[in-house]
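Read through the structure below, which is laid out as structure tokens, and then see the notes.
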Ligand code: UD1
Ligand code: UDP
């Protein structure tokens, strides 16, 4: 029986890998081992507990204010010990995090094939997202199998001379998780807070936006104060800097509800109830666009370019004035925007994990 080591370290990777882990385990023909780096702690545990996934290995490296070099060095060292003990036949990593890069590098040094889930997204700007653009492109250089979520992502890989027979369009596994979680009868205390209001969901966490937080929050506050019909639910990332700034700017601001990070179940169902989504997150852009929610992206560029070309999302940058005017315009012209918008059905239809598992079954058999 072939051994597959599935490795990740952060919340979004966990959300996007859990369905794949379950699918691989259900096949009965693989020995599947789960390796978490612990780049995130609370936010990772929240997903693993909800999904009832117990890691076989946990490096538990997270420390407050961790640097990129610290994460990469600790994961590289720890991954080497795990691979020495397990001798996996293949290692699966996801996306663009420091955990994914360091685990992939370790597998590469040991001559173990790498499967890269969510491969091929590109901005072709190394400074944005930073350092994720580099991480994802670097993993492509050493991966054996490339699981691209869309045909555009696979085209990027082909243009970089990745072999066509090693790259596959699979859909995005986040849609597997989303479809499983969406419940049209969903209710909760958060949903009740938003009842009768135009709900805006806000998330912010990118490293390159940490010095822009105040302006972003001030723009949201101005909009809320001018629009009594609007309320905001903002689950604040556990990064301490974000927490402190959010509490300062939104202190006593009516109809802005700061919450702890929510379970993916609660969060995705709130997205489904929302009117507009304001985010710098990769995964949230995808989920909101799949649900057909007008999405304003707090960045100057995105590696999910199809979301722009299909009018699912709009880049609004990170400056206060720009965000304020884009939100105002969206609130005033939302119906017009929706008329031109296509739901992001090109991201997948809930079977990406199954497609990836089918490919692995065939490849590992040979
Ligand atoms: C990382 C990923 C990013 C991903 C994001 C998801 C890299 C380079 N970046 O960025 O691609 O979009 O995760 O959220 O890998 N923290 C906690 N508790 C937690 C999680 C984080 O306190 O459960 C704190 C950490 O101590 C750290 C800070 O948040 O100081 C930032 O976390 P880190 O993983 O270093 O970077 P992210 O910005 O989260
Ligand atoms: N998410 C969550 N709880 C929250 C906010 C977001 O479970 O309170 C989920 C969301 O559904 C999405 C993922 O976290 O699947 C996105 O993670 P994040 O924004 O941290 O990282 P990115 O996608 O930008 O890498």
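Residue numbers (this note's numbering): 6 to 371. Here a beta-carbon is modelled for each residue, glycine too, at the ideal position from N, C-alpha and C.
Residue i Cβ short of 7 Å to the ligand UD1 heavy atom set
i	result
residue 244	yes
residue 101	yes
residue 92	no
residue 228	no
residue 17	yes
residue 68	yes
residue 154	no
residue 116	no
residue 136	yes
residue 216	no
residue 232	no
residue 104	yes
residue 48	yes
residue 327	no
Below-8 Å beta-carbon distance, residue i vs any chain D residue
i	result
residue 219	Checking the listed chains, one finds no chain D in this structure; it contains a single protein chain.
Beta bridge counterpart(s) of residue i as assigned by DSSP
i	result
residue 236	204
residue 178	Paired residues: none, contrary to the question.
residue 62	40
residue 96	10 and 119
residue 336	Partner(s): none; residue 336 has no beta bridge.
residue 35	7
Option nearest residue i by Cα separation, candidates the options
i	options	result
residue 263	281, 238 and 276	238
residue 121	224, 162 and 292	162
residue 245	236, 256, 210 and 278	210
residue 92	106, 114 and 167	114
residue 103	182, 212, 53 and 32	212
residue 191	270, 254 and 143	270
residue 364	323, 12 and 174	174
residue 109	88, 46, 229 and 240	88
residue 214	153, 303, 65 and 188	303
residue 177	157, 337 and 298	157
residue 138	128, 17 and 147	128
residue 348	8, 366 and 315	315
residue 231	333, 169 and 116	333
residue 197	311, 305, 274 and 343	274
Run of the alpha helix (DSSP H) containing residue i, from where it starts to where it stops
i	result
residue 89	73 to 91
residue 107	103 to 114
residue 357	357 to 370
residue 27	16 to 32
residue 50	47 to 55
Heavy atom of the ligand UDP within 7 Å of residue i beta-carbon
i	result
residue 269	yes
residue 122	no
residue 273	yes
residue 221	no
residue 292	yes
residue 247	no
residue 205	no
residue 74	no
residue 266	yes
residue 210	yes
residue 288	yes
First through last residue of the beta strand (DSSP E) which encompasses residue i
i	result
residue 120	119 to 122
residue 69	That residue, residue 69, is in no beta strand (DSSP E); it is neither H nor E in DSSP.
residue 349	Premise fails: residue 349 is in no beta strand (DSSP E) and is neither H nor E.
residue 320	318 to 320
Length-filtered (4 minimum) alpha helix (DSSP H) runs lying within the region 231 to 315: 245 to 255, 269 to 278, 287 to 295 and 310 to 314
Residue ranges of each alpha helix (DSSP H) within the region 124 to 196, 4 or longer: 137 to 147, 156 to 164 and 178 to 186
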